[in-house]
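Participant: Residue numbers (our numbering): 980 to 1196.
#1: Hey, out of 1071, 1196, 1158, 1174, whose CA is closest to residue 1135's CA?
#2: Below 8 Å between beta carbons: does that hold for residue 1181 and residue 996?
#3: Can you find the residues in the same chain that come closer than 8 Å, C-beta to C-beta, to residue 1082, ignoring five residues on each side of it along the sequence?
#4: Could you round the C-beta distance between residue 1079 and residue 1057 to whole angstroms and report it? I think they count as a contact, below 8 Å.
#5: Would you kindly work out how many angstroms separate the C-alpha atoms of residue 1127 and residue 1036, rounded to a whole number?
#6: Based on Cα-Cα distance, which residue from 1129, 1177, 1169 lies nearest to residue 1185?
#7: Taking 8 Å as the threshold (C-beta atoms), are residue 1055 and residue 1031 in contact?
#8: Considering only the alpha carbon of each residue, which of 1006, 1010, 1138 lies closest to residue 1027?
#9: Can you give me the C-alpha to C-alpha distance between residue 1097 and residue 1022, rounded to a whole angstrom?
#10: Roughly how many angstroms separate the alpha carbons of residue 1099 and residue 1141, rounded to a whole number?
#11: Would you call residue 1121 buried or exposed, if buried means 16 or more other Cβ atoms sit within 10 Å of its Cβ?
#12: Round the Cβ separation of residue 991 and residue 1069 to the nearest angstrom and send it over; I've been treating them as touching at under 8 Å.
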């Protein structure tokens, strides 16, 4: 089904689902990861809910009724929440990154079975390994530039990008550093006295990956 045909049936309900899923995710994170300080402020919660809803709508337009849609909706929810946590705490919690990896792999496997698209699933596994190893090498060479949380996050993002294609994997991985550099320059201009290593890199990785998912069909 085309994106136009999916619009009236899928876009509005998924926008509402995004609004509802975001606060639910924050409640669960506050419950199971209390070390992060509980629920964020009302302004942050409104912002994350609107952001999640917008991503759900864009992904509905991108995928329509594709079996891959649930996997990328999960990516959207956790991208918003992990970005929020990374900005606030400079931390990408292992349980959330592992959830993105394990649940994402399960949903992509289900998609590969339904389509079927076994080559896409193998490419997803290879993409996760490739991007993880690339970030790991860079993290070891320049430990001040990348944290281990960023290295671990590269695995699920590489998986999601690889499922769509090698081109998506290449540009998604490369643009993560471009967006990260731009965000670092912006933050250094806005906040005097901070170091480049103090700027969260996770949001840039998510922005690049989701941008490539949405724009490169």
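Where is the CB? At the ideal position from N, CA and C, for every residue including glycine.
Facilitator: Once the coordinates are examined:
#1: 1071
#2: no
#3: 1053
#4: 5 Å
#5: 32 Å
#6: 1129
#7: yes
#8: 1006
#9: 43 Å
#10: 7 Å
#11: exposed
#12: Not really, about 36 Å apart at Cβ, beyond 8 Å.
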